[in-house]
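Peer 1: If you read the protein sequences in the order shown, they are chains A and B. When we follow our numbering, the leftmost residue of the first sequence carries the number -3, and every step to the right adds one. When we follow our numbering, the leftmost residue of the second sequence carries the number -3, and every step to the right adds one. Beta carbons: idealized from backbone N, C-alpha and C, even for Gly.
Protein chains: 2
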Amino acid sequence: MSSDKLIIDYKNLKLAIIDIFSTIGMSRDDAELVADVLVEAELRGIPSHGLVRVKDYLGLWQKNRLNINAIPKIVNESISTGLVDGDNGLGMISGNFAMNVAISKAQNAGCGIVVVNNSNHFGIAGYYAIKAVEHDMIGIAMTNANPTVAPTFSKQAMLGTNPIAFAMPTKNESVFLADFATVPIARGKVELIEKQGKTVPSGMLQTADGIPTTDPSVLRQKGTILPLGGDYEHAGYKGYCLTAIVDILSAILSGANFGNFVPPQVSYLPDKDYYPGKGLGHFFAAIKLDAFRPANEIKEYMDLWIRSMRSATPVDPKQPVLIPNDPEIEKSNFHKKNGIPVLPEVIIELKNVLNELNIPIPDKLSII
Amino acid sequence: MSSDKLIIDYKNLKLAIIDIFSTIGMSRDDAELVADVLVEAELRGIPSHGLVRVKDYLGLWQKNRLNINAIPKIVNESISTGLVDGDNGLGMISGNFAMNVAISKAQNAGCGIVVVNNSNHFGIAGYYAIKAVEHDMIGIAMTNANPTVAPTFSKQAMLGTNPIAFAMPTKNESVFLADFATVPIARGKVELIEKQGKTVPSGMLQTADGIPTTDPSVLRQKGTILPLGGDYEHAGYKGYCLTAIVDILSAILSGANFGNFVPPQVSYLPDKDYYPGKGLGHFFAAIKLDAFRPANEIKEYMDLWIRSMRSATPVDPKQPVLIPNDPEIEKSNFHKKNGIPVLPEVIIELKNVLNELNIPIPDKLSII
C-alpha cells in the first residue's frame, strides 16, 4: 500500500462526484447534495465517509439495491413529529429532507423529531445536525449501521457503529459539534492499523471466541468490535446501551431494519434473505432555543461553557483541552486552502468501477 | 467496615423516609415522592442513590441550601416544550413535575421536551424516563451532577457523572430501560473498591497529574474520573462528548449551572462563591409512539429487537447476553420479596444526623 497521497482541490472533488452521479441519472440537485456531504467529510478529516464511498454507492446502484431517483415522502406527521419514507435512496437525500422537516416543525412547535425508514448510508451525521444551528436550534442526527459490534456478553455482531451528532449554537465561539460513532473504533481504522502492522488499543476488539484482543486481524476472522468502554468489567455495557438507543430511535420508531438486519451498504456483501423492516433508519431532532430562553442568552451561556472547558488545567500544557469540533474546523480550513489528500488506491478503485460501468472518468480525477 | 447487612422491608423503608421528611415540614405528597424514588433505587440494586442520600439532603436543608417546600413552576412554554424553575427543591419534586409536563406536551404535540433549572439531586434518572412508558411513549431523562470527570487532555474535574435514562415501551417483553452514568465508574464505587483493598479496572481514573492509574485512592488526592472509554487513545473523547451533551441539554438550555459550577449535593462540601446559573439542571423528553406508527406495531417490533439481542451467541453459554433492565427487574423482585440489604453504617450515619437535628428516629429504622 502506497501512502503517497494525491492532493485534490475540494471544489474539483465535489464537481467530480457531481459528474459521476449525474451521469448515472441522478438529478443535479441530489448529486450536488451527495457530493457536498462526502466532501464535507473529507474536509473535516474523516475520509472513511468521503470519496471512498462513491464506489460503494455505485456498486449498490448497479445491483439494483439503491434508488438514485428516490423521492422522500412524509408518510405520517404531527405538529412536532414526522415519519419519512426514504424511497430506498441514499441517506443524504432523505436525511437532508427529514432534517429540514424537523427544523420547520421546531420553528412552529418548539421542537421537532423526524425519523426515516427505507434509507441507506447518509455519510457523516454532523452534516445534518449542524443545519439546525443557523436557525438558532440544537440539531441532533443519528443513524443505525451495518452490524460489527457485539452486545455485552455476546460474541456476535448485532449492532452498528451507530453515530450521534449533536450541534449547539454559540455566540462568538465556534459552533459546538460532537459527531461520534458510539463504538471505540471504526472498522476502517482497524483495517488501517492492520496494514501498518500495528496493534489496536486494548478494550476495542474481541476474537470470534469472545476473547479480548489487540490484534486487528480478528475482524477478518469473525471477531467483533466491543462497545465503548470495552468488556463488562470496563463498563462496556454503557457503550452497548448507547449504541442500542441509537438503533431503537433510528429503526424501531421508524420501522427500518434494526440490529443485525441492517442492509449491507457495500455491494460485495450480499443482500440479506429476510428483512423485518424497511432499509436503514435515521433519527433527526431540532430544538429551538427561543422556546426555552432568549436564544442570545443561551448562545452567550454556551460560549461561557466552551471557554470554561478550554481553560481547564491540561495534563500537558502543549496539548490543550479538547473542544469537540475544534480539530475538525482546523482541518477543514487547512484542506480548503491546501487541497484534500486522497490515497491513490481510492482513485484507482473508483476508476476501475467507473470503467466497469462505462461511466466517463471526470476530468477532475484525471490526476493519476 | 462491617459488611453484615441489615435487611429492611421496602415498604417500611419508604415509610421511614416519609416520616423523616414530613417531620422537617415537607408536604406528605412530596415526602412520598422522595421516598419512592430513593426506595426504587434500593430495589433496583443502586444503593448509592437510595437511603444513603437522606442524610445528605437533611444536611443541605439544615444549611439552608435546599428548599423542602419548593413549588416547581413552568416559566416558559410552547406547544411541545417547557422550562421549569425547580424553586431550589429536591430534583424529585421538579423532575416528577417536569416529566409529567413533557408527557402532557407529547400527548398533544407528538413530542415534549422540558428542561429544569434551580433544582438539586433527583435520584435515579430511570424513575422519570419510565413514567412515559405507560402512556405508550419513549421517556428520556438526564441530569448534570457534581464535577468529578476530566475532559479529554485535562486533569481537572469539570463535568459530572451526568446520567442518561432511556425507556422504551414493549408489548410482551419487559420494558426496555437503559439508565447509566456517562462515565465508566461512580465515585461511590471507587470508594467501595478502596475499602476492599482492591484496584479499579484500567482506563477509569487518573492521578492529579493526569497519569492513568488503577489506584482508587487518587480520588481523595485530587485525581479525576476519566470519560467513558478512558484516555484519548482509547476513544475517551467520545465519552467526554456524551457527558458534555448531557451537561449542555440539562444546564445551558435551562440556565442551570454547568460543568464545574454545579452546586455540591452534600453539605460537607461548601457552597461555591460564584454561580453563573441557577441550581442544578435536568432534561426530560417524551416521544409518543402513535405520532410515528401505531403504538402496537412499534411495541411488537421492540419485542423483536429484545428477542433478537437475547438470542445473540453468548461468549459463555452460562452468561446470557445482557438486556438492559433485566438484572434490575430481577433484583427488584428479589428485594421486594426478601427485603432490602442496608449497610449498618448507613443507618448509624443517618441516626447521628437525625439526633443532631432533633428528629425522632422512625420506628421502622429501630433495628440497630
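Can you give me, in chain order, the residues of the region 44 to 72 of chain B that have a beta carbon less than 7 Å from any beta carbon in chain A?
Peer 2: Within the region 44 to 72 of chain B, the residues whose Cβ lies closer than 7 Å to some Cβ of chain A are ASN72, listed in chain order.
Peer 1: Find the nearest neighbour of LEU62/A within the set ASN114/A, GLU293/A, THR77/A, LYS127/A, judged by alpha-carbon distance.
Peer 2: Looking up residue 62/A in the first sequence gives position 66. For the residues ASN114/A, GLU293/A, THR77/A, LYS127/A, the minimum Cα distance to LEU62/A belongs to ASN114/A.
Peer 1: Answer with yes or no whether the minimum CB distance from PRO272/B to chain A is below 8 Å.
Peer 2: As a working note, residue 272/B is residue 276 in the second sequence. Answer yes: the Cβ-Cβ gap between PRO272/B and chain A drops below 8 Å somewhere.
Peer 1: Tell me which residue opens and which closes the alpha helix (DSSP H) that PHE93/B is part of.
Peer 2: The residue you call residue 93/B lines up with position 97 of the second sequence. Looking at the DSSP string, the run of the alpha helix (DSSP H) that includes PHE93/B is 87 to 105.
Peer 1: Going by other Cβ atoms of all chains shown within 10 Å of its Cβ, with 16 needed for buried, is THR166/A buried or exposed?
Peer 2: Locating residue 166/A in the first sequence gives position 170, counting from the first residue. Looking at its Cβ environment, which holds 16 or more other Cβ atoms inside 10 Å, THR166/A is buried.
Peer 1: What is the DSSP secondary structure of VAL145/B, counted as helix, strand or coil?
Peer 2: For the purposes of this step, residue 145/B is taken as the residue at position 149 of the second sequence. DSSP places VAL145/B in strand when its eight states are reduced to three.
Peer 1: Output the distance between the C-alpha atoms of PRO340/A and PHE17/A, rounded to the nearest integer angstrom.
Peer 2: On the first sequence, residue 340/A is found 344 positions in, with the first residue counted as 1. On the first sequence, residue 17/A is found 21 positions in, with the first residue counted as 1. Their backbone Cα atoms lie some 21 Å apart in a straight line.
Peer 1: Just the C-alpha distance for SER362/B and ASN348/B, rounded to the nearest angstrom, thanks.
Peer 2: Translated into the one-based positions of the second sequence, residue 362/B becomes position 366. Translated into the one-based positions of the second sequence, residue 348/B becomes position 352. Rounded to whole angstroms, SER362/B to ASN348/B spans 13 Å at the Cα level.
Peer 1: Pull the bridge partners of ASN113/B from the DSSP assignment, please.
Peer 2: Numbered from its first residue, the second sequence carries residue 113/B at position 117. BP columns for ASN113/B point to ASP81/B.
Peer 1: Ordered along the chain, which non-local residues of its own chain (more than five positions away) have a Cβ less than 7 Å from that of SER44/A?
Peer 2: Your numbering for residue 44/A matches position 48 in the first sequence. Only ALA182, GLY184 meet the Cβ criterion.
Peer 1: Leaving out five residues on either side along the sequence, give the residues of the same chain with a beta carbon under 6 Å from the beta carbon of ILE294/B.
Peer 2: For the purposes of this step, residue 294/B is taken as residue 298 along the second sequence, with counting starting at 1. Result list for ILE294/B: LEU285, in chain order.
Peer 1: Report the partner residues of GLU73/B according to the DSSP bridge assignment.
Peer 2: Here residue 73/B corresponds to residue number 77 of the second sequence, with the count starting at 1. Per DSSP, GLY78/B.
Peer 1: Between which two residues does the alpha helix (DSSP H) holding GLY335/A run?
Peer 2: Counting from one through the first sequence, the residue named residue 335/A turns up at place 339. Segment: none, GLY335/A is in no alpha helix (DSSP H) and carries neither H nor E.
Peer 1: Consider the Cβ of TYR233/B: report whether some Cβ of chain A lies at a distance smaller than 8 Å.
Peer 2: Numbered from its first residue, the second sequence carries residue 233/B at position 237. Judged by the 8 Å Cβ criterion, TYR233/B is in contact with chain A.
Peer 1: If I measure Cβ to Cβ from ILE109/A and keep anything under 6 Å in the same chain, skipping five residues before and after, which residues do I get?
Peer 2: Along the first sequence, read from residue 1 onward, the residue named residue 109/A stands at position 113. Excluding residues within five positions, the ones whose Cβ falls inside 6 Å are THR77, ALA281.
Peer 1: I think GLY275/B touches ASN116/B, with their Cβ atoms under 8 Å apart; what is that distance to the nearest whole Å?
Peer 2: Looking up residue 275/B in the second sequence gives position 279. Looking up residue 116/B in the second sequence gives position 120. Correct: roughly 6 Å between the Cβ atoms.
Peer 1: With 8 Å as the threshold, decide whether the Cβ of LYS151/A is near any Cβ in chain B.
Peer 2: For the purposes of this step, residue 151/A is taken as the residue at position 155 of the first sequence. True, the Cβ-Cβ gap to chain B drops below 8 Å.
Peer 1: Looking at the ligand SAM, does it come within less than 7 Å of ALA12/A, judged from the CB to the closest heavy atom?
Peer 2: Of ligands this structure carries none, so the ligand SAM is not represented either.
Peer 1: At the level of alpha carbons, what is the spacing between MET(-3)/A and LYS191/A?
Peer 2: Position 1 of the first sequence, counted from the first residue, corresponds to residue -3/A. Position 195 of the first sequence, counted from the first residue, corresponds to residue 191/A. In this prediction, MET(-3)/A has a pLDDT of 43, which is less than 50 and means its spatial position is unreliable; what the coordinates show is noted afterwards. In a straight line, the C-alpha of MET(-3)/A is about 8 Å away from that of LYS191/A.
Peer 1: Which of the three DSSP states, helix, strand or coil, is assigned to ASP175/B?
Peer 2: Working through the second sequence from its first residue, we reach residue 175/B at position 179. Correct three-state label for ASP175/B: strand.
Peer 1: Check whether chain B comes within 8 Å of SER(-2)/A, counting only Cβ atoms and requiring the distance to be less than that.
Peer 2: As a working mapping, residue -2/A is identified with position 2 in the first sequence. Its pLDDT being 47, under 50, SER(-2)/A is placed unreliably in this model, and the value from its coordinates should be taken loosely. Chain B contact via Cβ: absent.
Peer 1: Using the beta-carbon of each residue, which ones in chain B are nearer than 7 Å to SER74/A?
Peer 2: To locate residue 74/A, count along the first sequence from 1; it is residue 78. Those within 7 Å of SER74/A in chain B are ALA105, GLY106, ALA287.
Peer 1: So who's on the other strand from MET164/B, going by DSSP bridges?
Peer 2: Here residue 164/B is taken as the residue at index 168 of the second sequence, counted from 1. PHE172/B, per the DSSP bridge assignment.
Peer 1: Would you give the residue range spanned by the alpha helix (DSSP H) that LEU249/A belongs to?
Peer 2: Within the first sequence, the letter at position 253 stands for residue 249/A. From DSSP, LEU249/A is part of no alpha helix (DSSP H); its letter is neither H nor E.
Peer 1: Tell me which residues share the same chain as ALA177/B and place their Cβ nearer than 6 Å to its Cβ, disregarding the 5 neighbours each side in the sequence.
Peer 2: One-based indexing of the second sequence puts residue 177/B at position 181. Excluding residues within five positions, the ones whose Cβ falls inside 6 Å are THR157, PRO159.
Peer 1: Look at the alpha carbon of SER23/B and the alpha carbon of ASN354/B, and state the distance between them as a whole number of angstroms.
Peer 2: As a working mapping, residue 23/B is identified with position 27 in the second sequence. As a working mapping, residue 354/B is identified with position 358 in the second sequence. Their Cα atoms are separated by approximately 19 Å.
Peer 1: Step through the CB atoms of chain B and report whether any lies within less than 8 Å of the CB of TYR297/A.
Peer 2: Stepping through the first sequence from its first residue, residue 297/A is reached at position 301. Yes, TYR297/A lies at the interface with chain B (some Cβ there is under 8 Å from its Cβ).
Peer 1: What is the DSSP secondary structure of PHE280/B, reduced to helix, strand or coil?
Peer 2: Walking along the second sequence from the start, residue 280/B turns up at place 284. Note: PHE280/B maps to strand in three-state DSSP.
Peer 1: Rounded to the nearest angstrom, what separates THR210/B and TYR271/B at their Cα positions?
Peer 2: For the purposes of this step, residue 210/B is taken as residue 214 along the second sequence, with counting starting at 1. For the purposes of this step, residue 271/B is taken as residue 275 along the second sequence, with counting starting at 1. So the two alpha carbons sit approximately 33 Å from each other.
Peer 1: If we cut at 8 Å on Cβ distances, does VAL317/B have a partner in chain A?
Peer 2: Mapped onto the second sequence, residue 317/B falls at position 321. VAL317/B counts as touching chain A.
Peer 1: Starting from the beta carbon of SER304/A, find every residue of chain B whose beta carbon is closer than 9 Å, and list them in chain order.
Peer 2: Taking the first residue of the first sequence as 1, we reach residue 304/A at position 308. Result: MET154, PHE254, GLY255, ASN256, PHE257, PRO272.
Peer 1: Out of ASP359/B, VAL338/B, ILE344/B, PRO356/B, point me to the one whose CA is closest to LEU34/B's CA.
Peer 2: Along the second sequence, one-based indexing puts residue 34/B at 38. With distances taken between Cα atoms, LEU34/B lies closest to VAL338/B.
Peer 1: I want to see whether chain A comes within less than 8 Å of ALA12/B, judged by CB atoms only; does it?
Peer 2: The sequence position of residue 12/B within the second sequence is 16, counting from 1. No, ALA12/B does not count as interfacial toward chain A.
Peer 1: Buried or exposed: ILE344/B, going by 16 or more other Cβ atoms within 10 Å of its Cβ?
Peer 2: As a working note, residue 344/B is residue 348 in the second sequence. By the neighbour-count rule (16 or more Cβ atoms within 10 Å), ILE344/B is not buried but exposed.
Peer 1: Determine the DSSP secondary structure at MET(-3)/A, reduced to helix, strand or coil.
Peer 2: Translated into the one-based positions of the first sequence, residue -3/A becomes position 1. In this predicted model, MET(-3)/A has a pLDDT of only 43, less than 50, meaning its place in the structure is not dependable enough to derive any value.
Peer 1: Just to make sure I have the definition right: I need the residues of chain B whose C-beta is within less than 7 Å of the C-beta of LEU300/A. Which are they?
Peer 2: As a position in the first sequence, residue 300/A is number 304, starting the count at 1. Correct list: PRO272.
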